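Protein chains in written order, with the numbering used here: chain A, 1 to 399; chain B, 400 to 922. We treat Cβ as the ideally placed atom computed from N, Cα and C, and that holds for glycine. Owing to the predicted nature of the structure, the values given are computational and were not obtained by experimental measurement. These notes are about the structure you will find just below.
Next up, the structure:
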């Protein structure tokens, strides 16, 4: 959709009697950067994504699932990123070139100080974005607070079936999954009547946004499918979804969230190939498709990939890994100074493991994101404190 | 008043019933306490209609009739006793015809394992791929049959409270059909581990789920052995099933419990493990469940400060006993039940009372529920609990088709799927959320209205056979403006909703609006 048409659509929407509170759906400020948070739910095994290939301890700890050292010719298998770390073979073709172009950085030993090793508690902890110690406030998530801080600059959306915790507590943030898109069920008169039933109800915003967004997305992608230069979309899995996300983020939204499940590899995780490799391949292709779809706006976009925790450094008895602690986060963007593995690091060996079990966290996600947000939007100390209370921003100089 | 154009009869009923309704409200008021004396005619009071909406999966005529015959107290007694699960004949016949009713589950699993082994041995990748696809399809069919059976029971069983509890526990002890061979076990899991104990004792539920191969496979305890510890199930047993995440146990407790649970697994070989004479009598086998002493760690372990001496499966029973007797367990389970039946943030006074009943009754679920339903907090919450997709979809079809036997449940299963609340469909073991904020986002509301439209239009194909072939003539659309509506639903609709319904231009649209209304989206 061209910007001109988009504005026409906004005008049309504003003319509807029920558009009142939902102007934000279609507000598209020109020069604000974009931020997309990708949450890998289940705790992905970062040690088989960013492979510590210089560590003999890694190979001793994973007799069945370790990823082989980079081949000296460098043409296949794991891709050496520096003298310590190599990229999983499954990401070689999708993320490898982006790393070479400095559009990707990895932050090992990243995560939260929540040590429950519970998926749900740790995911919630991260999505809330508050200090782990001290009084907990469960009512808001950090993306919601970021959205509130950036009022008017950064229309937000979750590309999920349900609204994630991280967006709870803001004025209504719309959500829509883009895994599949179809025709809207209701015309404008019906939508207006449905919305009128909720006048004054606390779900009024959700009802109104939902009905409008459905219409809007259907129009957007109906056109896309018919555009000759695009042809048949042959991407599969996350790639097609990420392409649509790229489209909406390019045109309208500045803050986004999407999650991908299936990373809880207790059993038969695989190495260079297998369950985890397939998931990584899917993710890598998706992120690559997202960058392509954003086109010229990719340079104004930052994507951060997080997960609730890493996994046990040693493989378990079932050729899998159990819940661990430190993870590896990804930072991507067309304008970042990537091509590096950044942040605090320690040598990967038995003595540096936390509780002789998993990676420690040396780069807290709150500091990391606070540093990135400061660079992106020049947030004041007070604004930053609203998003991540009592966090010290760490500037990794990526942006 | 557009609906009069298409349904003059209904609109006449409407006027008459509004008159009837105000008359009977007076009668009830005179009787001083709501429905202690059962009314037999006219509309239910708003309070009774909402009470019945909450105690059941939503109103149908049979439920309203039974409620009228018994009144609140005896209706609740009957629901808590749950001895009346006789389904309509046509529904029972549908269930009887399902393959899962006739196939021993052990055979399904043994076949699956043998098939997977054979497939792995195939030389050709293409052949492997095709063979796996065929097996997956078969697995999907079995998982769907389990879903279909559960949906039919939820929609048609007179034991409506029990049906809600079956869903609640299935969600509490959640398993994911698409992991390994769980798809072949899903139906058996509900029937043998959940249903018999849905209103029984909590500890029985814990043990029944612990021993069921679906859980053992899903949370990997089948792989947990003395020399190869897998702590996945041990952790979730404490965090999600019994104590809750903030209950004060440590990583060490999780590890100790994992050691106690070693050897609790699945027997797919149909033969007893070879065990030395000293431990021969410790072998346990029930169906696919097996306790194998060869895989068990017989050391003593300390769980939550209590020493559990090595001894075999009785260690597991003692560990479960330790868990369910923790005050945190009574509190955790009470709070979950109150969240499901009363409020997203249930009043502490109610949870306290339920907790006391739980402890006093040794975890008797129906006793705890009686405390809940008898409370003033419950009464005060009527009409304010948002329906999760399961409640929404089941209550919608109960109202729309009012006991008429549906022959094709795929659309119903698909609606749940599209709202991300498919039975046996939650990937992670925490189950689906019990609170409004998980289900009422903008994307979910618009999708829910699409379901309202599909049901209201009558084009959803619920009365074709499962292959999509029409078996009998069906009405073009469900008439929701029936006596059931006037008696049981209209009493709690707002003026705004009634005004919107009056602007509907067709009966189908009227139906969709009713099912999309705020009042119908709460229970």
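- State the DSSP-derived secondary structure class of residue 303 of chain A, mapped to helix, strand or coil. Translated into the one-based positions of the first chain, residue 303 of chain A becomes position 303. Strand, per DSSP.
- Message: Any beta carbon of chain B sitting closer than 8 angstroms to that of residue 211 of chain A?
- Response: Looking up residue 211 of chain A in the first chain gives position 211. Chain B, which has a Cβ nearer than 8 angstroms to the Cβ of residue 211 of chain A, makes this yes.
- Exposed or buried, what is residue 637 of chain B when buried is set at 16 or more other beta-carbons lying within 10 Å of its beta-carbon? Taking the first residue of the second chain as 1, we reach residue 637 of chain B at position 238. The residue in question, residue 637 of chain B, is buried, as its Cβ has 16 or more Cβ neighbours within 10 Å.
- Could you tell me which of A:372, A:355, A:351 and A:341 sits nearest to residue 102 of chain A, measuring between CA atoms? The count along the first chain starts at 1 and reaches residue 102 of chain A at position 102. Among A:372, A:355, A:351 and A:341, the Cα nearest to that of residue 102 of chain A is on A:341.
- Item | Inter-residue Cα distance where the pair is residue 211 of chain A and residue 908 of chain B | In the first chain, residue 211 of chain A corresponds to position 211, counting from 1. In the second chain, residue 908 of chain B corresponds to position 509, counting from 1. Distance between the alpha carbons of residue 211 of chain A and residue 908 of chain B: 16 angstroms.
- Is the shortest distance between the beta-carbon of residue 190 of chain A and the beta-carbons of chain B less than 8 angstroms? Here residue 190 of chain A is taken as the residue at index 190 of the first chain, counted from 1. It does; some Cβ of chain B falls within 8 angstroms.
- Message: Let's see if you can read the secondary structure: which residues bound the beta strand (DSSP E) around residue 163 of chain A?
- Response: Taking the first chain and counting its residues from 1, one reaches residue 163 of chain A at position 163. Residue 163 of chain A -> no beta strand (DSSP E), and no H or E assigned at all.
- Note down the Cα distance separating residue 555 of chain B from residue 547 of chain B, rounded to an integer number of angstroms. Here residue 555 of chain B refers to the residue found at position 156 of the second chain. Here residue 547 of chain B refers to the residue found at position 148 of the second chain. Going from the Cα of residue 555 of chain B to the Cα of residue 547 of chain B covers about 12 angstroms.
- Establish whether the CB of residue 322 of chain A and some CB of chain B are separated by less than 8 angstroms. The residue given as residue 322 of chain A occupies position 322 in the first chain. Chain B contact via Cβ: present.
- Message: Can you confirm whether residue 89 of chain A, when its beta carbon is compared against all beta carbons of chain B, has any partner nearer than 8 angstroms?
- Response: Against the first chain, residue 89 of chain A aligns to sequence position 89. Judged by the 8 angstroms Cβ criterion, residue 89 of chain A is not in contact with chain B.
- Take the Cβ of residue 472 of chain B as the centre, count every other Cβ of all protein chains shown within 10 Å, and call the residue buried at 16 or more, exposed below. Along the second chain, one-based indexing puts residue 472 of chain B at 73. Counting Cβ neighbours within 10 Å, residue 472 of chain B comes out exposed, since fewer than 16 surround it.
- List, in order along the chain, the chain A residues whose C-beta lies closer than 8 angstroms to that of residue 829 of chain B? Here residue 829 of chain B is taken as the residue at index 430 of the second chain, counted from 1. Here the neighbours are 119 and 120.
- Based on Cα-Cα distance, which residue from B:680, B:564 and B:483 lies nearest to residue 454 of chain B? Against the second chain, residue 454 of chain B aligns to sequence position 55. Residue nearest to residue 454 of chain B within the set B:680, B:564 and B:483 is B:564 (criterion: CA-CA distance).
- Message: If I measure Cβ to Cβ from residue 59 of chain A and keep anything under 6 angstroms in the same chain, skipping five residues before and after, which residues do I get?
- Response: Walking along the first chain from the start, residue 59 of chain A turns up at place 59. By the criterion of a C-beta distance shorter than 6 angstroms, residue 59 of chain A is surrounded in its chain by 66, once the five residues flanking it on both sides are discounted.
- Query: Is the shortest distance between the beta-carbon of residue 644 of chain B and the beta-carbons of chain A less than 8 angstroms?
  - Reply: Residue mapping note: residue 644 of chain B aligns to position 245 of the second chain, counting from 1. So yes, residue 644 of chain B belongs to the interface.
- Message: Which residues in chain A have a C-beta closer than 9 angstroms to the C-beta of residue 627 of chain B? List them in chain order.
- Response: As a working mapping, residue 627 of chain B is identified with position 228 in the second chain. Identification of chain A residues near residue 627 of chain B by a Cβ-Cβ cut-off of 9 angstroms yields 316, 317 and 318, ordered along the chain.
- Query: Taking C-alpha atoms, which residue in B:536, B:767, B:580 and B:557 lies nearest to residue 507 of chain B?
  - Reply: Residue 507 of chain B sits at position 108 when you count from the first residue of the second chain. Checking every option, the nearest Cα to that of residue 507 of chain B belongs to B:580.
- CB contact check: residue 422 of chain B to chain A, cutoff 8 angstroms: Taking the second chain and counting its residues from 1, one reaches residue 422 of chain B at position 23. Only weak support is given to the placement of residue 422 of chain B: the predicted model assigns it a pLDDT of 35, under 50, and the value that follows is read from those uncertain coordinates. Not one beta carbon of chain A lies nearer than 8 angstroms to the beta carbon of residue 422 of chain B.
- For residue 921 of chain B, I'd like the list of residues in its chain whose CB is within less than 7 angstroms of its CB, leaving aside the five on either flank, ordered along the chain. For the purposes of this step, residue 921 of chain B is taken as the residue at position 522 of the second chain. Around residue 921 of chain B: 782, 783, 784, 785 and 786.
- Message: Within 8 angstroms of any Cβ in chain A, is that where the Cβ of residue 744 of chain B sits?
- Response: Reading the second chain from its first residue, position 345 is the one you call residue 744 of chain B. It does not: the Cβ of residue 744 of chain B has no partner Cβ on chain A nearer than 8 angstroms.
- Item | Cross-chain neighbours of residue 161 of chain A in chain B, by beta carbon under 9 angstroms | Along the first chain, read from residue 1 onward, the residue named residue 161 of chain A stands at position 161. The contacting residues are 817, 818, 819, 840, 842, 843 and 846.
- Identify the residues that DSSP records as bridge partners of residue 358 of chain A: which are they? Locating residue 358 of chain A in the first chain gives position 358, counting from the first residue. For residue 358 of chain A, which the question treats as bridged, DSSP gives the partners A:354.
- Item | Under 8 angstroms (Cβ pairs) to chain A, residues found in the stretch 558-580 of chain B | Along the stretch 558-580 of chain B, there is no position whose C-beta sits under 8 angstroms from a C-beta of chain A.
- Which listed residue (B:713, B:743, B:742 and B:763) has its alpha carbon closest to that of residue 387 of chain B: Nothing can be reported for residue 387 of chain B, as the shown portion of chain B is limited to 400 through 922.
- Would you say residue 502 of chain B reaches chain A, if we count a Cβ-Cβ gap shorter than 8 angstroms as a contact? As a working mapping, residue 502 of chain B is identified with position 103 in the second chain. Between residue 502 of chain B and chain A, the shortest Cβ-Cβ separation is not below 8 angstroms.
- Message: Buried or exposed for residue 726 of chain B, going by 16 or more other Cβ atoms inside 10 Å?
- Response: To locate residue 726 of chain B, count along the second chain from 1; it is residue 327. When all chains shown are included, residue 726 of chain B counts as exposed.
- Query: Exposed or buried, what is residue 378 of chain A when buried is set at 16 or more other beta-carbons lying within 10 Å of its beta-carbon?
  - Reply: On the first chain, position 378 is the one that residue 378 of chain A refers to. Residue 378 of chain A comes out exposed.
- Would you say residue 479 of chain B and residue 560 of chain B are within 8 angstroms of each other, going by their C-beta atoms? The residue labelled residue 479 of chain B in the question sits at position 80 within the second chain. The residue labelled residue 560 of chain B in the question sits at position 161 within the second chain. Contact flag set, yes.
- Message: Taking the straight line between their C-alpha atoms, what separation do you get for residue 897 of chain B and residue 795 of chain B?
- Response: Indexing the second chain from 1 puts residue 897 of chain B at position 498. Indexing the second chain from 1 puts residue 795 of chain B at position 396. Straight through space, the alpha carbons of residue 795 of chain B and residue 897 of chain B are spaced by roughly 18 angstroms.
- Task: Would you decide whether residue 917 of chain B is buried or exposed? Buried here means 16 or more other CB atoms lie within 10 Å of its CB.
- Result: Taking the second chain and counting its residues from 1, the one referred to as residue 917 of chain B is at position 518. Counting of Cβ neighbours within 10 angstroms places residue 917 of chain B among the buried residues, the total reaching 16 or more.
- Message: Between residue 45 of chain A and chain B, is the shortest Cβ-Cβ distance under 8 angstroms, so that the two count as touching?
- Response: The residue labelled residue 45 of chain A in the question sits at position 45 within the first chain. Closer than 8 angstroms to the CB of residue 45 of chain A there is not a single CB belonging to chain B.
- Item | With 16 other Cβ atoms within 10 Å as the buried cut-off, status of residue 524 of chain B | Numbered from its first residue, the second chain carries residue 524 of chain B at position 125. Label assigned to residue 524 of chain B: exposed.
- State buried or exposed for residue 792 of chain B, treating a residue as buried only when at least 16 other CB atoms are found within 10 Å of its CB. By one-based count along the second chain, residue 792 of chain B stands at place 393. Answer is buried; the Cβ neighbour count reaches 16.
- Task: Mind listing the chain B neighbours of residue 261 of chain A? Cutoff is C-beta to C-beta under 7 angstroms, in chain order.
- Result: Residue numbering aside, residue 261 of chain A sits at position 261 when the first chain is read from its first letter. In chain order, 826 make up the part of chain B whose C-beta sits under 7 angstroms from the C-beta of residue 261 of chain A.
- Task: Please say whether residue 122 of chain A and residue 364 of chain A have beta carbons closer to each other than 8 angstroms?
- Result: On the first chain, position 364 is the one that residue 364 of chain A refers to. On the first chain, position 122 is the one that residue 122 of chain A refers to. 8 angstroms or more divides the Cβ of residue 364 of chain A from the Cβ of residue 122 of chain A.
- Query: Does the stretch 849-859 of chain B come within contact of the stretch 580-590 of chain B, defined as at least 3 CB pairs closer than 8 angstroms?
  - Reply: In short, these stretches do not touch, since the Cβ pair count stays below three.
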